[in-house]
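Sequential numbering from 25 applies to the sequence shown in this note's numbering.
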Amino acid sequence: HQGFEPSSSLRIILVGKTGSRRSAIGNSILCQPVFESKLGAQSVTRKCQRATGTWNGRSILVVDTRPIFEAGAQDQEVYWNIGSCYLLSVPGPHVLLLVTQLGRFTEQDVVAMTRVKEVFGAGAQRYMVILFTHKEDLAGGSLDEYVANTDNLRLRSLVREVGRG
Numbered sequence: 025h026q027g028f029e030p031s032s033s034l035r036i037i038l039v040g041k042t043g044s045r046r047s048a049i050g051n052s053i054l055c056q057p058v059f060e061s062k063l064g065a066q067s068v069t070r071k072c073q074r075a076t077g078t079w080n081g082r083s084i085l086v087v088d089t090r091p092i093f094e095a096g097a098q099d100q101e102v103y104w105n106i107g108s109c110y111l112l113s114v115p116g117p118h119v120l121l122l123v124t125q126l127g128r129f130t131e132q133d134v135v136a137m138t139r140v141k142e143v144f145g146a147g148a149q150r151y152m153v154i155l156f157t158h159k160e161d162l163a164g165g166s167l168d169e170y171v172a173n174t175d176n177l178r179l180r181s182l183v184r185e186v187g188r189g
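So this is what it looks like as C-alpha cells:
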C-alpha cells in the first residue's frame with residue numbers, strides 16, 4: 025500500500041459475500057454500469073474485474089471481486105483469486121471496501137475479514153471501510169446507534185478495528 029497522491033488514481037477493492045451488492049456499489053462509485061449486477065442467490069461475478077472512472081477530475085479504479093471470501097472455498101483457489109484481484113490494483117489498493125447488508129453480518133463476513141487480513145496483512149483494517157447497504161432498514165435511526173446497540177459482538181468489534189493500525 026502506498027499513500028494517496030492527489031495526482032494518482034484512487035484504487036478501491038470491493039470485498040464481500042454473495043448478495044452483498046458489491047457490483048452495484050462499484051457501479052455507483054463509477055457512476056456507470058460497468059459491472060454486471062443482479063439480485064439473486066448466485067453471484068454473477070465470476071472473476072475479478074476492474075474499471076475506471078473519474079470524479080472531480082480525479083481517476084478512480086475499482087476492482088470488483090468474485091465472492092472469493094466465501095466460507096467453504098478451497099484455500100488455494102481463494103488465494104490465487106485474491107492475488108489476481110490485487111494485481112489489478114497495482115501498486116496496491118488505497119481502500120478495501122467491505123460491502124455488507126445492514127443486519128446481515130454473518131459468519132461468512134467473519135471469514136471474509138479473516139481472509140482479507142491473511143492476504144493483505146494484519147494492518148489491512150487501517151485501509152478498510154465498511155459500507156452497509158439497506159440503510160432504509162434503520163427506520164430513521166442512526167448507524168452509530170445501530171452498531172452500539174447490536175447484539176452482534178463480532179460486528180461491533182470489526183467496526184472498532186477499522187481505521188486503526
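Ideal placement from N, C-alpha and C gives every residue a C-beta, glycine not left out.
Contact check, residue i vs residue j, beta carbons under 8 Å
i, j, result
"Ile-210", "Leu-120", "Any answer about residue 210 is impossible in this case: the structure gives the chain only from 25 up to 189."
"Ser-33", "Ile-84", "yes"
"Ile-49", "Leu-122", "no"
Between the CA atoms of residue j and residue i - distance to the nearest angstrom
i, j, result
"Val-39", "Arg-82", "23 Å"
"Asn-80", "Arg-35", "15 Å"
"His-158", "Pro-115", "32 Å"
"Glu-101", "Asn-176", "30 Å"
"Val-153", "Glu-185", "10 Å"
"Gln-149", "Ala-163", "29 Å"
"Trp-104", "Tyr-151", "21 Å"
"Leu-167", "Thr-174", "10 Å"
"Ile-106", "Asn-51", "21 Å"
"Tyr-110", "Val-143", "9 Å"
"Glu-169", "Ser-108", "38 Å"
"His-118", "Ala-146", "15 Å"
Same chain, Cβ closer than 7 Å to residue i, neighbours up to 5 away in sequence not counted
i, result
"Leu-112", "Cys-72, Arg-74 and Val-87"
"Gly-77", "Leu-54, Cys-55, Gln-56 and Ile-84"
"Lys-141", "Ala-148"
Contacting residues, own chain, Cβ-Cβ under 8 Å from residue i (five flanking each side not counted)
i, result
"Val-171", "Leu-179, Arg-180 and Val-183"
"Gly-127", "His-158 and Asp-161"
Cβ-based neighbour list, residue i, same chain, cut-off 6 Å, excluding 5 preceding and 5 following
i, result
"Gly-165", "none"
Task: the region 73-89 in contact with the region 50-61 per 3-pair CB rule at 8 Å - done: Yes, the region 73-89 is in contact with the region 50-61.
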